[in-house]
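For reference, the structure is listed below as structure tokens.
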Amino acid sequence: YQRRVHGIYFRKMQQKGSQGSLGGTKSKLGSRGMASPDEGGNIPLGTTGSAFGGATSQSTANLKGKLAGLEDLIKSLEEELNMHKTAVGQLRSDKEMIESILTLKTQEVKKTLTNELYRVEEEMKKHFAHQKAENSRLQQQITQLKSEKTVLQQQLVGLQRKIEELEQQVGKDEQQFVQYYYDNHKF
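If you read the sequence shown in my numbering, its first letter stands for residue 120, the second for the next number, and so on.
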């Protein structure tokens, strides 16, 4: 953060310096608004108004310029801070809104799934009850058919014995008839 602030400050100061805020004496003044010694080490008296770097109208202007630059920097940083606070507030409200929407959707899905599960369970119970009744009915029919089959088999056995008895009797009756016929009709 400090690097950023200093970077902004120095950029603004460079922009002001490049616009010529110090006039034509800029090349003769040092970094603090004082006169710089020339090649021989002598400080020119006319450049700052003082041989020892005292405050003049130009250095005062330079300080006023720096203060104005700092005030501009503070204003821009305050604006940027307010902008970021607004963005953070908007993001928080968006987050809260999304959380509430997700909570509502989750509750809705849970309710829907619970209802669907209940409906499916009820349907399965109905189908199981119907299938159980159907199985019971079919089992009764199977038992009834088995008993009818047993009765029919017994009747069939009884009829087969009767047929055998009748065949035997027919055979005896025929022999008796033949015997009787021979006995009574002699040739």
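Even for Gly, the Cβ is constructed at its ideal location relative to N, Cα and C. The model shown is predicted, which means the values in this text are computed figures rather than measured ones.
Leaving aside the five residues that flank Glu227 on each side, none in its chain has a CB nearer than 7 Å to its CB. Taken in chain order, no unbroken stretch of alpha helix (DSSP H) lies wholly in the segment 255-296 with a span of 4 residues or more. Looking at the backbone, the Cα of Phe247 and that of Glu267 are separated by about 30 Å. The beta carbon of Leu223 sits closer than 8 Å to none of the beta carbons in its chain outside the five residues before and after it.
Distance between Val239 and Ser255, taken at the CA atoms: about 24 Å. A residue is called buried once 16 or more other Cβ atoms fall within 10 Å of its Cβ, and Ser219, having fewer, is exposed. By the neighbour-count criterion, in which a residue is buried when 16 or more other Cβ atoms sit within 10 angstroms of its Cβ, Gly188 is buried.
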